[in-house]
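*Asks:*
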Amino acid sequence: MKASGPILHRFLCNSPHLQHLIAPNLAIPIEYLDINGMMKKPLDYKDIRKAARSAKQQQAHVAPNMFSSVFPCISISSPANVTTDNHHRIWACRRLRTLHVRIETHEAVLYDSRANLVLFGYLGRVCPDLEDLSIRQPLMNLMRYGGLCLSTRLRKLERLVLDCDIIQLANVHDLSWVKRHPKRDLIAFWKRLFGKRHGKQYPLPQQQQQQPEDRVVGYSQNVIDLTNVGRDADLASWAKEREQDMRRMVPCWPSLESFQIQYGGGAPWQDDAKPNFRSLRRDALIEFRNTPTRVY
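Numbering of the sequence shown is given in our numbering, commencing with residue 736 and proceeding in unit increments.
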C-alpha cells in the first residue's frame, strides 16, 4: 500500500482534532518525518534538494526550524536540506492519543541508525499526548544510540508495541532507560555517552528571528522546535532532561501498562537464552515475542 503514504501523511497534516488513528496496514515513509534530512537519501532525491533550496528562499521571512503544531503548515521555515512539499509538512494532530501505523523505510536507508532518532524525536514533539502507540517496521534498533529512549518524552504513554522483522540489540542494558527511576550513576553515564556522541553542531540559517504571526480562532499558537529531530544532539538533550526528571522524582512512563516487542526470525539471541527484560520494570508488562508469521 505504498500509495497510502502521501494520503495518510496529508490527512495527519490536516486533522488538528484527531485523537485516535488505528491503521496498522497503512504505511508512512520515514522520509516524511525526516524534516532535517539527516538520513541517507536515494539518488533520486537530487531534485527534492534542489526544490528545497528554492523553498527556503521563498520562506526566508519565517523563523528558522519553527513549525506550527496547531494547524497544518501555517508557518514553516526550512533548513537548506528541507523541502516544504508534502514530504515535510508537519502533523497537526497535537492531541493524538492513539496511533497504530506502519513505518515504511526505503531500501537505501533500511539500516540507517538514525531511523529511530527521526521517528521518536518527531513523535515526542509533535504528538506528546500519545497513550497507545503501535509501530510496525522492518527493522528496530534498540541499541543505546538507536533513539528509542526518546520515546520517554511521551509521558502519558500506557501501551507501546513495536512490531519488526529484525532487532538490533546488544543486551538488556541497552534498555536500562526503561526503568521507572534510574539511578544517578546511570544517568551520569548517559550524559557522558551521549555528550561525546553529540559532536558537531548544526547552526541554524541566518534569518530574521521572529515568531510566526499566524493565528487560528479557538486555538492558542503553539510552536514547536524541530531543530534536533534526527540529530545526535537530541540524545544529549534527552539525557539532561532525564537528569532533571530524576531530581524532581518524575518517573519514566508513570502510566505504563505494557511494552511489547514482536519480532520475526531476526533476533540477536536464541529464545531459550532471551535476557530477562522483565527485570527492567516490575510495575508493567515488558515482553519480547517471536511471531514468525508476518504480513507487510
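All C-beta atoms, glycine included, are put in the ideal place defined by N, C-alpha and C.
Note that the structure is predicted; figures quoted are calculated from it, not measured.
How about Leu-904 and Leu-865: are their beta carbons less than 8 Å apart?
*Replies:* By 1-based counting over the sequence shown, the position of residue 904 is 169. By 1-based counting over the sequence shown, the position of residue 865 is 130. No, the Cβ-Cβ distance between Leu-904 and Leu-865 is not below 8 Å.
*Asks:* Could you give the residue range of the alpha helix (DSSP H) that holds Asn-851?
*Replies:* Numbered from 1 along the sequence shown, position 116 holds the residue referred to as residue 851. From DSSP, the alpha helix (DSSP H) with Asn-851 extends over 850–861.
*Asks:* Out of Glu-976, Glu-893, Ala-827 and Arg-837, which has the shortest C-alpha to C-alpha gap to Pro-759?
*Replies:* If you number the sequence shown from 1, residue 759 lands on position 24. Nearest C-alpha to Pro-759: Arg-837.
*Asks:* Whose C-beta lies closer than 6 Å to the C-beta of Pro-1061 among residues of the same chain, with five residues either side of it excluded?
*Replies:* There is simply no residue 1061 to check, as the chain begins at 736 and stops at 1031 in what is shown.
*Asks:* If you drop the 5 nearest sequence neighbours on each side, which residues of the same chain put their C-beta closer than 6 Å to that of Asn-1011?
*Replies:* On the sequence shown, residue 1011 is found 276 positions in, with the first residue counted as 1. Nothing listed; no residue qualifies.
*Asks:* Pull up the CB-CB distance for Thr-1026 and Gln-997, whole angstroms please, since I reckon it's below 8 Å.
*Replies:* Working through the sequence shown from its first residue, we reach residue 1026 at position 291. Working through the sequence shown from its first residue, we reach residue 997 at position 262. Confirmed, Cβ separation roughly 5 Å.
*Asks:* Rounding to the nearest angstrom, what Cα-Cα distance links Arg-1017 and Val-853 in this structure?
*Replies:* Taking the sequence shown and counting its residues from 1, the one referred to as residue 1017 is at position 282. Taking the sequence shown and counting its residues from 1, the one referred to as residue 853 is at position 118. If I take the Cα positions, the gap works out to 29 Å.
*Asks:* Distance check for Leu-834 and Ile-697, CA to CA, integer angstroms please.
*Replies:* With the chain running from 736 to 1031 in the structure shown, residue 697 is simply not present.
*Asks:* Would you mind giving the Cβ-Cβ distance between Ile-770 and Leu-961, rounded to the nearest angstrom? I have them listed as a contact below 8 Å.
*Replies:* Taking the first residue of the sequence shown as position 1, residue 770 is located at position 35. Taking the first residue of the sequence shown as position 1, residue 961 is located at position 226. Contact flag correct, Cβ pair sits at about 5 Å.
*Asks:* At what residues does the alpha helix (DSSP H) containing Arg-837 begin and finish?
*Replies:* Indexing the sequence shown from 1 puts residue 837 at position 102. Where Arg-837 is concerned, there is no enclosing alpha helix (DSSP H), although the beta strand (DSSP E) it sits in stretches over 833–839.
*Asks:* Indicate whether Ala-850 and Met-774 have their beta-carbon atoms separated by less than 8 Å.
*Replies:* If you number the sequence shown from 1, residue 850 lands on position 115. If you number the sequence shown from 1, residue 774 lands on position 39. Taking 8 Å as the Cβ cut-off, Ala-850 and Met-774 qualify as a contacting pair.
*Asks:* Just tell me which of Asn-876, Lys-918 and Arg-966 has its CA closest to the CA of Ile-901.
*Replies:* Translated into the one-based positions of the sequence shown, residue 901 becomes position 166. With distances taken between Cα atoms, Ile-901 lies closest to Asn-876.
*Asks:* Along the alpha helix (DSSP H) that carries Leu-747, what are the first and last residues, could you check?
*Replies:* As a working note, residue 747 is residue 12 in the sequence shown. Per DSSP, Leu-747 belongs to the alpha helix (DSSP H) from 739–748.
*Asks:* Looking at C-alpha atoms only, which residue of Phe-924, Gly-965, Val-958 and Ile-1021 is the closest neighbour of Arg-977?
*Replies:* Translated into positions along the sequence shown, residue 977 becomes position 242. If we check each option's Cα against that of Arg-977, Phe-924 comes out closest.
*Asks:* With distances taken between CB atoms, is the gap from Arg-871 to Asp-898 smaller than 8 Å?
*Replies:* Within the sequence shown, numbered from 1, the residue matching residue 871 stands at position 136. Within the sequence shown, numbered from 1, the residue matching residue 898 stands at position 163. A contact, by the Cβ cut-off of 8 Å.
*Asks:* Tell me the rounded alpha-carbon separation between Arg-745 and Arg-860.
*Replies:* As a first step, residue 745 is located in the sequence shown; it is residue number 10 there, counting from the start. As a first step, residue 860 is located in the sequence shown; it is residue number 125 there, counting from the start. One C-alpha to the other measures close to 18 Å.
*Asks:* Assign Gln-956 to one of three DSSP states: helix, strand, or coil.
*Replies:* Here residue 956 corresponds to residue number 221 of the sequence shown, with the count starting at 1. Its pLDDT being 41, under 50, Gln-956 is placed unreliably in this model, and the value from its coordinates should be taken loosely. The answer is coil: DSSP assigns Gln-956 none of H, G, I, E or B.
*Asks:* Could you check whether Leu-868 and Leu-889 sit closer than 8 Å to each other, using their CB atoms as the reference points?
*Replies:* Along the sequence shown, read from residue 1 onward, the residue named residue 889 stands at position 154. Along the sequence shown, read from residue 1 onward, the residue named residue 868 stands at position 133. Between Leu-889 and Leu-868, the gap from beta carbon to beta carbon is short of 8 Å.
*Asks:* Among the residues of its own chain, which have a CB less than 7 Å from the CB of Leu-921, if the five just before and after it don't count?
*Replies:* The sequence position of residue 921 within the sequence shown is 186, counting from 1. Excluding sequence neighbours, Leu-921 sits near Ser-911.
*Asks:* From the DSSP output, read off the bridge partner residues of His-755.
*Replies:* By one-based count along the sequence shown, residue 755 stands at place 20. DSSP output for His-755 lists Thr-833 as bridge partner(s).
*Asks:* Measure the Cβ-Cβ separation of Cys-862 and Val-913 and say whether it is below 8 Å.
*Replies:* Taking the sequence shown and counting its residues from 1, one reaches residue 862 at position 127. Taking the sequence shown and counting its residues from 1, one reaches residue 913 at position 178. Not a contact, by the Cβ cut-off of 8 Å.
*Asks:* From Leu-883 to Leu-753, what distance separates their C-alpha atoms?
*Replies:* Walking along the sequence shown from the start, residue 883 turns up at place 148. Walking along the sequence shown from the start, residue 753 turns up at place 18. Using only the alpha carbons, I get a separation of about 24 Å.
*Asks:* Could you check what DSSP says for Gly-999 in three-state terms: helix, strand or coil?
*Replies:* Residue mapping note: residue 999 aligns to position 264 of the sequence shown, counting from 1. Of the three classes helix, strand and coil, the one that applies to Gly-999 here is strand, per DSSP.
*Asks:* Please decide whether Met-981 counts as near chain B, where near means a Cβ-Cβ distance under 8 Å.
*Replies:* Among the protein chains of the structure shown there is no chain B, as only one such chain exists.
*Asks:* When the Cα atoms are used, what is the spatial distance from Ala-1019 to Arg-1013?
*Replies:* On the sequence shown, position 284 is the one that residue 1019 refers to. On the sequence shown, position 278 is the one that residue 1013 refers to. Approximately 8 Å, taken between the alpha carbons.
*Asks:* What does the alpha-carbon distance come out to for the pair Leu-895 and His-755?
*Replies:* In the sequence shown, the residue the question calls residue 895 occupies position 160. In the sequence shown, the residue the question calls residue 755 occupies position 20. When rounded, the distance between both Cα atoms is 15 Å.
*Asks:* Expressed to the nearest angstrom, what Euclidean distance is found between the alpha-carbon atoms of Ile-1021 and Pro-751?
*Replies:* By one-based count along the sequence shown, residue 1021 stands at place 286. By one-based count along the sequence shown, residue 751 stands at place 16. Those two C-alpha atoms are separated by around 32 Å.
*Asks:* CB-CB under 7 Å to Arg-915, same chain, minus the five flanking residues each way: which ones, in chain order?
*Replies:* Position 180 of the sequence shown, counting from 1, holds the residue named residue 915. Hits under 7 Å: Pro-986, Cys-987, Arg-1016 and Asp-1018.
*Asks:* Can you tell me whether Leu-892 is helix, strand or coil according to DSSP?
*Replies:* Counting from one through the sequence shown, the residue named residue 892 turns up at place 157. In this structure, Leu-892 counts as coil in the three-state DSSP scheme.
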